[in-house]
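Taking it in order: structure first as C-alpha cells, then the write-up.
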Amino acid sequence: MEKEEKLRCPRCGSINIIEDSDTGELVCAECGLVISVGIASNMKDWRAFDSDEYVKRAHTGAPISPVRPSFGLDTGIIGQDSASKKSVRKLRRTKRHVSDSKEKTIEPALMKIKEIADALNIPEETVEDAARLYRMAAHKGLVKGRSMDAMVAAVVYAACRRTEVPRTLENVASFFNLKEKDVGRSFRFLFRKLGIKIPPPKAERYAYQICTKLNLPEEVAAQATRILKIAKELGATMGREPVGVAAAAVYMACNEMGIHRTQRELAQAAEVTEVTVRNRYKELLEKVRPIWLKQRKEGEKRAALAEAGGR
DNA sequence: TAAGATAAGAGGGACAT
DNA sequence: ATGTCAGTCTTATCTTA
Numbered sequence: 006m007e008k009e010e011k012l013r014c015p016r017c018g019s020i021n022i023i024e025d026s027d028t029g030e031l032v033c034a035e036c037g038l039v040i041s042v043g044i045a046s047n048m049k050d051w052r053a054f055d056s057d058e059y060v061k062r063a064h065t066g067a068p069i070s071p072v073r074p075s076f077g078l079d080t081g082i083i084g085q086d087s088a089s090k091k092s093v094r095k096l097r098r099t100k101r102h103v104s105d106s107k108e109k110t111i112e113p114a115l116m117k118i119k120e121i122a123d124a125l126n127i128p129e130e131t132v133e134d135a136a137r138l139y140r141m142a143a144h145k146g147l148v149k150g151r152s153m154d155a156m157v158a159a160v161v162y163a164a165c166r167r168t169e170v171p172r173t174l175e176n177v178a179s180f181f182n183l184k185e186k187d188v189g190r191s192f193r194f195l196f197r198k199l200g201i202k203i204p205p206p207k208a209e210r211y212a213y214q215i216c217t218k219l220n221l222p223e224e225v226a227a228q229a230t231r232i233l234k235i236a237k238e239l240g241a242t243m244g245r246e247p248v249g250v251a252a253a254a255v256y257m258a259c260n261e262m263g264i265h266r267t268q269r270e271l272a273q274a275a276e277v278t279e280v281t282v283r284n285r286y287k288e289l290l291e292k293v294r295p296i297w298l299k300q301r302k303e304g305e306k307r308a309a310l311a312e313a314g315g316r
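The opening position of the first sequence corresponds to residue 6 in this note's numbering, with each subsequent residue numbered one higher.
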C-alpha cells in the first residue's frame, strides 16, 4: 500500500515514509513529520501533548523569540510567503498521483479545506498541512463512515495547531455548523489513531491575536509575552487553557501600562468567560507579577545605562 | 458598572479494573 | 470497554466597591 523508502523518520524512527508526489516532500506516515522540506523547520517542539505535560517538561532555555510572529486574523500579515498561487495549484493537482480511488474521494475534502481557509484567513502553509493530514487519514481508512465535515474540521484545526496559527475549535466548528465538542472528538480520535502528537497551542500566539482584536499597541503584546514567559517558567500555566492565560496576561499588561480595558472585553476577545480571565489573572497577580515588575525595572535600568553610555 | 466570589454541571485525561 | 478521580472551565447568581 504505502510507499516505503530506506529512510527513517528522525522523530519516531518509523520506516513508513510516504512521498508526496506533488511537492516532493517526504512525510512520515506514522507521525506526520515532514522530513525533507516544508513546515518541519517551523515546528520545533513535539514532545508534549496537553497543557500539563507541556509545562512539566518545559524545555528549559530556548526563549520563545517574540520576533514578529505572524499572528494572522484580519491583519495584512498573512501573505508573507508569496507562494500562494503555487500551493493552490499544488492542491488542485492531486489527481495525478496514485491511481486508486482513494485520491478521488479526497478531492471534495480538499476543496472544503480551501473554503474554510478562505473564511478564516488561514495561511497557505497551514492549508497544505491540513491537506496532508487529511490524506494521511484517508489512506489509513479513518475517514470512511464518518462525517466529512467533522474530519475536515479536525485536520484544519490540527494544522492550525501544528503551524501555530491561533484558531480555536470554536472558530473551526462554527464554519461547519458543528459543535465544538464534536470537532474536538474527531480531532482526538483522528490523531490518536494516526499516532501524531500535536503540541499545545502557545499562549503567546493568542496574546498577539487578542491585542490585534482590541487594537492594543504592540508594546502591550510585548509585555504580555514577557508575562507569559515568566508564567511558564513558574509553572503557573500548568493545565490551564492557553487562551485564557493569554487573555489574563494581556489584561495585566494593560493595567500596568495605564490602558483601560475591562475583563469583559478581554474575555470576549479571547472567547472565554470573564470568570476564567479573573481566575487566571488572580494567579498571575500572585505568582508572576512580582517577578515581572522586577524584571521590568532591571530592564529599564539597563536601557538607561546603555543610553547614557552611548552618548 | 466593573470586578470578585461561589456553586453546580459538563467534558475530557489519567489511571485502574 | 467502563468507571472513578482530580482538576478545569462554563453558566448562573450574588456580593462588593
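Heads up, the beta-carbon is just placed ideally off N, CA and C, and yes, glycines get one too.
Since the model is a prediction, treat every value here as computed from it, not as a measurement.
Query: Consult DSSP for E246 and reduce its assignment to one of helix, strand or coil.; Result: coil
Query: Return the Cβ separation of A258 and A236 in integer angstroms, given the expectation that the two are a contact with Cβ distance under 8 angstroms.; Result: Contact doesn't hold; Cβ gap of about 12 angstroms is too wide.
Query: CB A241 to CB L195, shorter than 8 angstroms?; Result: no
Query: Rounded to whole angstroms, what's the CA-CA distance from L239 to K292? Just pull it up for me.; Result: 8 angstroms
Query: Using beta-carbon positions only, say whether D134 and T168 come within less than 8 angstroms of one another.; Result: yes
Query: Going along the chain, which residues of its own chain have a beta-carbon closer than 7 angstroms to the beta-carbon of Y170, five neighbours each way excluded?; Result: Before going on, a small fix: residue 170 reads as Val here, not Tyr. Hits under 7 angstroms: G77, I127, P128, T131.
Query: Mind checking whether R285 and G249 have CB atoms under 8 angstroms apart?; Result: yes
Query: Hey, L219 and E175: beta-carbon distance below 8 angstroms or not?; Result: no
Query: Label G29 either buried or exposed according to how many other C-beta atoms from any shown protein chain fall within 10 Å of its C-beta, with 16 as the threshold for buried.; Result: Its pLDDT being 45, under 50, G29 is placed unreliably by the model, and the measurement read from it follows with that caveat. Classification for G29: exposed.
Query: Considering just the uninterrupted stretch of the alpha helix (DSSP H) at K218, what are its terminal residues?; Result: 208 to 218
Query: Please list the terminal residues of the continuous alpha helix (DSSP H) segment that includes M262.; Result: Run containing M262: none; DSSP gives neither H nor E here.
Query: Determine the burial state of E224: buried for a count of at least 16 other Cβ atoms within 10 Å of its Cβ, exposed for fewer.; Result: exposed
Query: R193 to R172, Cα distance in whole Å?; Result: 16 angstroms
Query: Nearer than 7 angstroms: is that true of the beta carbon of K287 relative to any heavy atom of the ligand PLP?; Result: The ligand PLP is not part of the structure shown, which contains no ligands of any sort.
Query: Indicate the three-state DSSP secondary structure (helix, strand or coil) for G304 in the structure shown.; Result: helix
Query: Nearest by alpha-carbon distance to W297: which of R307, L233, T110, C165 is it?; Result: L233
Query: Are at least three pairs of beta-carbons, each pair with one atom in the stretch 174 to 188 and one in the stretch 204 to 220, less than 8 angstroms apart?; Result: no
Query: Would a C-beta distance cut-off of 8 angstroms place V277 and A252 closer than the cut-off?; Result: yes
Query: Between which two residues does the alpha helix (DSSP H) containing R172 stretch?; Result: Careful: R172 lies outside any alpha helix (DSSP H) and carries neither H nor E.
Query: If you drop the 5 nearest sequence neighbours on each side, which residues of the same chain put their C-beta closer than 7 angstroms to that of A212?; Result: A226, A229, T230, L233, A251, A254, V255
Query: Which value, in whole angstroms, describes the spacing of the CA atoms of G146 and R190?; Result: 17 angstroms
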